[in-house]
Amino acid sequence: MTLIWQKQPTDTGQTHVLIIGVGYYNHLRGGDGYRQGVIASQGMRLEQLTSPPISARAFAQWIVDSFENEEVPLGSVELLLSDVRGNTNFTVDRENVSIEAATLPNIEAAFRAWYKRCDSHSNIAIFYFCGHGVNIQQESILLAEDFGADELAPYSNAMNIDQIYRGMLQCKAKTQCFFIDACNNGSVEGLRLENANAKCFVTPQLITRNSESNLSSRLLFKAAAPGKFTGADRPREVSRFTQALIKSLNGVSCEKKDGRWVVSIPDLVHSVQWLMEQASRRNNSYQLPYAISEGWGQLIVRQRPPLVPVTLRFEPLEAMADATMLELQSWGSPALLPIRPESILQVNQHKEWQIEEVEVGRFYQLTTRFSSSRYRNLDTLLSVMPRSHSPDPIPIEMNL
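In UniProt numbering, the protein residues as written are 1 to 400.
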């Protein structure tokens, strides 16, 4: 087990996070334990991955640096990584922490410790996995680093996340979220199996939930619907699902309630789905996330307004190609520096202005100048609100 962040337990609720990233698979092609002819290697045609440990690190870094919930603050973060490059370090507060490998025994030990930390008070339980996944008999199976170690029972080193999710009804944590960044497709080999016999660390029971539990919200969010892939491995990049998840938690899906900025489970799901749809359109590679949820649990609760990415387009699109000056100035706050594009030529070429961080809940003065008289110069007031307030981006119409 590798706890990279921990706070002393309190009498009030805390948020406990378990993060697993598996890119290196010892018994798949390219692994030290690979043997040609093993069922796990031939039947599934699975390869080594580079994105999962990078994605898991990015999610862990965001949790440690940016997670905010005034009502249920961060209590612990546990991280397991199997990196094809052999990188086992993670930096926390400028100190390097050696991370244990994401083998099935290590995952099971980490899960049991995480479950125990979550199983009291009004806690929030967050589970994240990124790596290989398959669908066998309508169940999502996640593969640990040592998947395929047993030739006769290759899935004995894998976990059944659907059964684990159902088993978590016994846990007393009031809000439970499972983020699964893995493929969810079947195979010819999988169709031959009566049962994968993958591990279930907490056995589902024929009860609705623990009688002592105050469970009010649950989410099982998969990067791919049943029978679907997540798409090709993104070499040395954070996955699309994890990128969308971090952006949504960071504020794209927030809403202002009672003077505070809140990210709830329904808004989070809608935001991630929308961001992935936009990414799919840009990359001509469609990926369909899949969510099972109940309740309105709040994952993020904070006072200060979040910073969100903003994309500015004109209607018609050609107007942006003619712009010679763009400036966004916070209205009523002259002390704040205006925002300008780093390269107006790049904006002209892409016919849109992408701004990485803009504080929500403010009005901004947009000033635009054009090279030709075809478009009139623009000085207008804009309101920047998070994704949950606006279902679709609204372009600024230009008078020809």
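Positions of the beta carbon are idealized from the N, C-alpha and C atoms, including for glycine.
- Under the three-state reduction of DSSP, GLY251 is assigned to helix.
- Around LEU336, the same chain offers GLN329 and SER330 as residues with beta carbons nearer than 8 Å, after the five sequence neighbours per side are excluded.
- Distance from the CA of SER372 to the CA of ASP322, rounded to the nearest whole angstrom, comes to 7 Å.
- A residue is called buried once 16 or more other Cβ atoms fall within 10 Å of its Cβ, and MET168 is buried on that count.
- When secondary structure is reduced to three states using DSSP, SER373 falls in the coil class, being assigned neither helix nor strand.
- In the three-state reduction of the DSSP assignment, GLN298 falls in the strand class, which pools E and B.
- Pairing PRO341 with GLN170, the inter-Cα distance amounts to about 52 Å.
- Excluding its 5 nearest sequence neighbours in each direction, ALA58 has C-beta neighbours in its own chain below 7 Å: VAL238, THR242 and ILE246, listed in chain order.
- The DSSP assignment places complete beta strand (DSSP E) segments of no fewer than 3 residues inside the stretch 45-108 at 74-82, 89-92 and 95-98, in order along the chain.
- Under DSSP, ARG218 shares a beta bridge with GLN176 and GLU294.
- Nearest to LEU46 by C-alpha distance, out of VAL64, ASN26 and PRO53, is ASN26.
- Exclusion of the five residues before and after THR88 leaves SER98 and ILE99 as the residues of its chain whose Cβ lies within less than 6 Å of its Cβ.
- Excluding its 5 nearest sequence neighbours in each direction, ILE292 has C-beta neighbours in its own chain below 6 Å: LEU220, listed in chain order.
- Listed in chain order, the non-local C-beta contacts of TYR364 below 7 Å within the same chain comprise LEU328, GLN329, SER330, TRP331, LEU382 and VAL384, local neighbours out to five positions each way being set aside.
- Partner residues in the beta bridge of ASP379, as assigned by DSSP, are THR367.
- The criterion of a C-beta distance shorter than 8 Å is not satisfied by GLY297 and SER253.
- If you ignore the 5 residues before and after ALA173, its C-beta comes within less than 6 Å of the C-beta of CYS118, ASN123 and ALA125, all in its own chain and listed in chain order.
- Look at the beta carbons and you see the stretch 300-309 not touching the stretch 74-88: under three pairs across the two are nearer than 8 Å.
- By the CB criterion at 8 Å, ALA109 and LEU81 fall outside the cutoff.
- In the DSSP annotation of this structure, the continuous segment of the alpha helix (DSSP H) that includes ILE164 starts and ends at 161-167.
- In this structure, the alpha-carbon of LEU326 lies about 21 Å from that of GLY361.
- Between ASN250 and the set LYS7, PRO105, ILE300 and PHE147, the nearest pair of CA atoms involves ILE300.
- Judged by their CB atoms, ILE136 and ALA223 are not nearer to each other than the 8 Å cut-off.
- In the three-state DSSP reduction, LEU345 falls in the helix class (H, G or I).
- The beta-carbon distance between PHE129 and ALA198, rounded to whole angstroms, is 13 Å. This is too long to meet the 8 Å contact definition.
- Annotated as distal: THR311 and GLU356, with beta-carbon spacing of 8 Å or more.
- Shown here, GLU277 sits in a helix according to DSSP, grouped into three states.
- Separation of ILE4 and LYS116 (C-alpha to C-alpha, rounded to the nearest whole angstrom) is 17 Å.
- With a threshold of 16 other beta carbon atoms within 10 Å, THR175 meets it and is buried.
- When the beta-carbon positions are compared, GLY23 and GLY131 come within less than 8 Å of each other.
- The residue from GLY30, LEU366, SER271 and SER217 with its alpha-carbon nearest to that of THR50 is GLY30.
- Per DSSP, ALA323 lies in no alpha helix (DSSP H) segment; the continuous beta strand (DSSP E) that holds it begins and ends at 323-330.
- SER156 and ASN283 have their alpha carbons spaced roughly 36 Å apart.
- According to the DSSP secondary-structure assignment, GLY21 is paired through a beta bridge with LEU81 and CYS130.
- TYR165 counts as buried, since no fewer than 16 other beta carbons sit within 10 angstroms of its beta carbon.
- DSSP places ASP32 outside both helix and strand once states are collapsed to three, so it counts as coil.
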